[in-house]
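Undergrad: Respectively, the protein sequence lines represent chains A and B.
When you read off a place in the first sequence, starting at 1, and then add 577, the result is the number in the working numbering.
When you read off a place in the second sequence, starting at 1, and then add 577, the result is the number in the working numbering.
Number of protein chains: 2
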Amino acid sequence: MINSIMQEKNLKITSARKELLEVLNSLKRPVSFEDIKHKITMDKATFYRNISKFESESLVNSFESNGKKRYYEIRQFPHAHFVCNVCNTIECLGEIPPPTLVGYTILDALYKGICRNCTQGVCIKDLQGEIMYNSP
Amino acid sequence: MINSIMQEKNLKITSARKELLEVLNSLKRPVSFEDIKHKITMDKATFYRNISKFESESLVNSFESNGKKRYYEIRQFPHAHFVCNVCNTIECLGEIPPPTLVGYTILDALYKGICRNCTQGVCIKDLQGEIMYNSP
DNA sequence: TAGTTAATGCAACTAAGTCGCATTTAAAAA
DNA sequence: TTTTTAAATGCGACTTAGTTGCATTAACTA
C-alpha cells in the first residue's frame, strides 16, 4: 500500500522512498533525522530531499520542538502536539481543537509545558509567572 | 529600570547585557539572532550565553518557528504566537487561551497556518486535508 | 584600591540542512 | 525485452545556528 500511496502522488517508487515511508509508518510518531538515521540506509541529502518532497505532497508533516531539530511524521488526521519541557517527550494530541482565530487558517498547533507524568514532580511555585494555563 | 531587573535576578550588570535587554525591550517582538546581530556589538557566543541565562532567569522566552532559527522575546504576560506559513510573519496573540488539557501544564502555544492578510489570497481547496480549523 | 569571580571575545568545533555534480535507476517508449 | 531519458541517489563540499575551551577583561566585594 505504500507503493500505491506514492503512485497516487505521481512519485517515482524508489527503494529509498519505500524504506523511508515504511520507517515513518511503523513508528507513527514524530521523529528527527537523528532518531531514525540508523534505521535508514540512504544518504542524509536523500533523506532531506525525500522528506521535503513528501511534505509538499502532503504525505508528511513537520514541526520544530525544543531542540534545534525538526520532527517529521506521517500525516494522518490533523492533530496538535505537546512537547514536555522536562522530559522532552513529544505527544500527539488527538482530540484537541485549536482555539478560534477569526480570519486565520490554523494548520498546526504546538503546545509546550509539562506533561502529565512530569507535572507531578514539579513544584508549581517554580513556575511563577510562566503559567499560561494549569489544568485541574 | 533594566539595571534593577538584573539586580533582582542577581545578574552581574554588564554592558553586553544592558545592550541586549535594551534591544529586546525596544523591539517587543520575537527576534532571531540574525534579526538583531547588526543591532548589538557583542560576540555571538556572548549573545547565546546571555540569552540562555535570561531564559533561565525568566526574563526571556524563546521558541522556534518555521525556519531553523530560534526566536527570543522579552517575557511579558504569557501569550501564544502565530506563524504564517505564507509570509512567515510572527504575531503575538494577546487574548487567546490555550485549550484545556487535564493534568498538563501548558506554558507555551504556537500556532501555524495562514494569517488574516494571506488567507485572502489563498485558495481554500489548495489546503485539502491540511485544515485543522478554518475560522469563520 | 586590590582581589576574586564571572563575563567576554576569539577561534575552533558540532550538527542540521542544502547544493552541485557525476552516476544510477525507475519507468516509459520502442 | 531492450533502449531511452528524466528523475533520484550518493558523495563531498558548503552554510549557518549554536556550543565550548581558553586566555583576557571587567564587575562587584572586601
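Just so it is clear, CB atoms sit at the ideal spot from N, CA and C, and this is done for glycine as well.
Quick check: what's the CA-CA separation for B/Ser-592 versus B/Gln-584?
TA: As a working mapping, residue 592 of chain B is identified with position 15 in the second sequence. As a working mapping, residue 584 of chain B is identified with position 7 in the second sequence. Going by the C-alpha atoms only, they are around 14 Å apart.
Undergrad: Do you know offhand how far B/Lys-689's Cα is from A/Gly-690's?
TA: Your numbering for residue 689 of chain B matches position 112 in the second sequence. Your numbering for residue 690 of chain A matches position 113 in the first sequence. Roughly 18 Å between the two C-alpha positions.
Undergrad: Can you tell me the Cα-Cα spacing of B/Ser-639 and B/Pro-674, whole angstroms?
TA: Working through the second sequence from its first residue, we reach residue 639 of chain B at position 62. Working through the second sequence from its first residue, we reach residue 674 of chain B at position 97. Each residue's Cα considered, the two are about 18 Å apart.
Undergrad: Smallest Cα separation from A/Ser-629: which of A/Asp-612, A/Thr-682, A/Ser-581 and A/Tyr-648?
TA: By 1-based counting over the first sequence, the position of residue 629 of chain A is 52. A/Ser-629 has its Cα closest to that of A/Tyr-648, out of A/Asp-612, A/Thr-682, A/Ser-581 and A/Tyr-648.
Undergrad: State the start and end residues of the unbroken alpha helix (DSSP H) segment that holds B/Lys-630.
TA: Numbered from its first residue, the second sequence carries residue 630 of chain B at position 53. Counting along the chain, the alpha helix (DSSP H) containing B/Lys-630 begins and ends at 621 to 633.
Undergrad: Between the region 647 to 664 of chain B and the region 662 to 673 of chain A, can you find at least three pairs of beta-carbon atoms closer than 8 Å?
TA: Flag = no, the region 662 to 673 of chain A and the region 647 to 664 of chain B do not touch.
Undergrad: Quick check: the Cα distance between B/Phe-631 and A/Phe-631, rounded to an integer number of angstroms?
TA: Looking up residue 631 of chain B in the second sequence gives position 54. Looking up residue 631 of chain A in the first sequence gives position 54. Those two C-alpha atoms are separated by around 38 Å.
Undergrad: Consider the Cβ of B/Thr-696: report whether some Cβ of chain A lies at a distance smaller than 8 Å.
TA: Here the question's residue 696 of chain B lines up with position 119 in the second sequence. So, interface residue.
Undergrad: Is the beta carbon of B/Phe-659 sitting closer than 8 Å to the one on A/Tyr-625?
TA: The residue given as residue 659 of chain B occupies position 82 in the second sequence. The residue given as residue 625 of chain A occupies position 48 in the first sequence. No, these two residues do not count as a Cβ contact at 8 Å.
Undergrad: Taking B/Ser-655 as the reference, give the member of A/Glu-707, A/Leu-597, A/Asp-620 and A/Lys-616 with the closest Cα.
TA: Sequence index remark: in the second sequence, residue 655 of chain B carries index 78 (1-based). Note that residue 655 of chain B is Pro in the sequence shown, not Ser. Selected option, being the one with the closest Cα: A/Glu-707.
Undergrad: Where B/Arg-693 and A/Pro-676 are concerned, what is the direct C-alpha to C-alpha distance, given to the nearest angstrom?
TA: Start at 1 with the first residue of the second sequence, and residue 693 of chain B comes out as number 116. Start at 1 with the first residue of the first sequence, and residue 676 of chain A comes out as number 99. If I take the Cα positions, the gap works out to 15 Å.
Undergrad: Taking 8 Å as the threshold (beta carbon to beta carbon), is B/Asp-685 in contact with chain A?
TA: The count along the second sequence starts at 1 and reaches residue 685 of chain B at position 108. It does; some Cβ of chain A falls within 8 Å.
Undergrad: Starting from B/Val-600, trace the alpha helix (DSSP H) in both directions and tell me its first and last residue.
TA: Residue 600 of chain B sits at position 23 when you count from the first residue of the second sequence. Start and end: 592 to 604.
Undergrad: Please classify A/Ser-603 as buried or exposed, where buried requires at least 16 other C-beta atoms within 10 Å of its C-beta.
TA: The residue you call residue 603 of chain A lines up with position 26 of the first sequence. By the 10 Å Cβ count, A/Ser-603 comes out exposed.
Undergrad: Does B/Val-637 pass the burial test, meaning 16 or more other C-beta atoms within 10 Å, or should it be called exposed?
TA: As a first step, residue 637 of chain B must be located in the second sequence, where it is residue number 60. Looking at its Cβ environment, which holds 16 or more other Cβ atoms inside 10 Å, B/Val-637 is buried.
Undergrad: Since A/Cys-692 meets chain B, which of its residues come closer than 7 Å, beta carbon to beta carbon?
TA: On the first sequence, residue 692 of chain A is found 115 positions in, with the first residue counted as 1. Going along chain B in sequence order, the residues near A/Cys-692 (Cβ under 7 Å) are Tyr-681.
Undergrad: Would you say B/Pro-607 lies against chain A (beta-carbon separation less than 8 Å)?
TA: To locate residue 607 of chain B, count along the second sequence from 1; it is residue 30. No, B/Pro-607 lies away from the interface with chain A (no Cβ there is under 8 Å from its Cβ).
Undergrad: Just mark B/Asp-620 as buried or exposed, buried being the case when its beta carbon has 16 or more other beta carbons within 10 Å.
TA: Locating residue 620 of chain B in the second sequence gives position 43, counting from the first residue. Result: exposed.
Undergrad: What does A/Val-662 touch in chain B if you count any residue whose Cβ is under 7 Å from its own?
TA: Residue numbering aside, residue 662 of chain A sits at position 85 when the first sequence is read from its first letter. Note that residue 662 of chain A is Asn in the sequence shown here, rather than Val. Chain B residues near A/Asn-662: Leu-684.
Undergrad: How long is the line joining the alpha carbons of B/Lys-614 and B/Val-600, rounded to whole angstroms?
TA: Looking up residue 614 of chain B in the second sequence gives position 37. Looking up residue 600 of chain B in the second sequence gives position 23. The alpha-carbon atoms of B/Lys-614 and B/Val-600 are separated by roughly 10 Å.
Undergrad: Please state the DSSP three-state secondary structure of A/Asn-638.
TA: Counting from 1 along the first sequence, the entry for residue 638 of chain A is found at position 61. Strand.
Undergrad: Alpha carbon to alpha carbon, how far is A/Ala-657 from A/Ile-683? Give it in angstroms, no decimals.
TA: Along the first sequence, read from residue 1 onward, the residue named residue 683 of chain A stands at position 106. Along the first sequence, read from residue 1 onward, the residue named residue 657 of chain A stands at position 80. Their backbone Cα atoms lie some 11 Å apart in a straight line.
Undergrad: Which residues in chain A have a C-beta closer than 9 Å to the C-beta of B/Phe-659? List them in chain order.
TA: The count along the second sequence starts at 1 and reaches residue 659 of chain B at position 82. Those within 9 Å of B/Phe-659 in chain A are Leu-678, Tyr-681 and Ile-683.
Undergrad: Indicate the three-state DSSP secondary structure (helix, strand or coil) for B/Arg-693 in the structure shown.
TA: Sequence index remark: in the second sequence, residue 693 of chain B carries index 116 (1-based). B/Arg-693: helix per DSSP, three-state reduction.
Undergrad: Hey, out of A/Val-679, A/Val-699 and A/Asp-685, whose CA is closest to B/Gln-714's CA?
TA: What is shown of chain B runs 578 to 713, which leaves residue 714 of chain B out entirely.
Undergrad: Compare the C-beta of B/Ser-635 with all C-beta atoms of chain A and state if any pair is closer than 8 Å.
TA: For the purposes of this step, residue 635 of chain B is taken as the residue at position 58 of the second sequence. Interface residue, yes.
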